[in-house]
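Let me begin by presenting the structure, written as structure tokens, before commenting on it.
Numbering (this note's numbering), first residue to last: 559 to 650.
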């Protein structure tokens, strides 16, 4: 994992989405057109939180988030998501 020069502000979190599975448990190959967007990712950077609410997630946590949560950004060919901590549903 390379060093990221993005520091989220306030209650925002920078995530790297987990790659979608390419095969099923039984060994069937899933074509690209049938793959669903993963809703799981790894936290790469965390903001300082707000005055009223400190951050509960930390760097390295694996989290679940909503299907349409966050803003996608591509930096040096790698996809990332930046979202508010309130869009995160659970820590796995």
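Cβ atoms here follow ideal geometry from the backbone N, Cα and C, with glycine treated the same way. These numbers were taken from a predicted model, which means no experiment stands behind them.
Excluding sequence positions up to five before and after residue 574, its CB lies within less than 7 angstroms of the CB of 599, 600, 602 and 638, all in the same chain and listed in chain order. In this structure, residue 615 places its C-beta atom within 8 angstroms of the C-beta atom of residue 571. When only Cα atoms are considered, residue 641 and residue 577 end up about 18 angstroms apart. If you check the CB distance, residue 621 and residue 648 come in under 8 angstroms. The straight-line gap separating the alpha-carbon atoms of residue 607 and residue 624 is approximately 20 angstroms.
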